[in-house]
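**Student:** First residue of the sequence shown? That's 5 in the numbering used here, and the numbers climb one at a time after it.
Take this structure first; my questions come after.
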Amino acid sequence: MSIAMDRFASSGLFPTFQPLAAHQPRVEMYYVQCRNCGFEPEATGGRAPRMCPKCSGQSWERFTRPGSLLADAERF
């Protein structure tokens, strides 16, 4: 006589924990621009290069474009 039993509720599809959620693309919110000439380097990720290639200035300012904060908030 066997003493083994069927596992309780072990068949079917059950919701499981997914530690890695689907990756949503990030919206670039912060941009940099040269204070002297207004040059905006392409896709720096919010970090300024050492020198401006246009005027050789070393002074940068960081800013947000209108609507970029709202576009980032829509991800959540």
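Just so it is clear, CB atoms sit at the ideal spot from N, CA and C, and this is done for glycine as well.
#1: Per DSSP, what are the beta-bridge partners of C38 in this structure?
#2: Determine the burial state of C38: buried for a count of at least 16 other Cβ atoms within 10 Å of its Cβ, exposed for fewer.
#3: Tell me whether the beta-carbon of A86 lies closer than 8 Å to the beta-carbon of V36.
#4: Output the distance between the C-alpha atoms of C41 and S63, rounded to the nearest integer angstrom.
#5: In chain order, what residues of the same chain have a beta carbon less than 8 Å from the beta carbon of C43, not counting five sequence neighbours either side?
**Tutor:** Short version:
#1: As a position in the sequence shown, residue 38 is number 34, starting the count at 1. For C38, DSSP records a beta bridge to W64.
#2: Walking along the sequence shown from the start, residue 38 turns up at place 34. So C38 counts as buried.
#3: No answer is possible for residue 86: it lies beyond the span of the chain, which begins at 5 and ends at 80.
#4: Your numbering for residue 41 matches position 37 in the sequence shown. Your numbering for residue 63 matches position 59 in the sequence shown. Distance between the alpha carbons of C41 and S63: 10 Å.
#5: The sequence position of residue 43 within the sequence shown is 39, counting from 1. Note that residue 43 corresponds to Phe in the displayed sequence, not to Cys. Excluding residues within five positions, the ones whose Cβ falls inside 8 Å are Q37, C56, P57, K58, C59.
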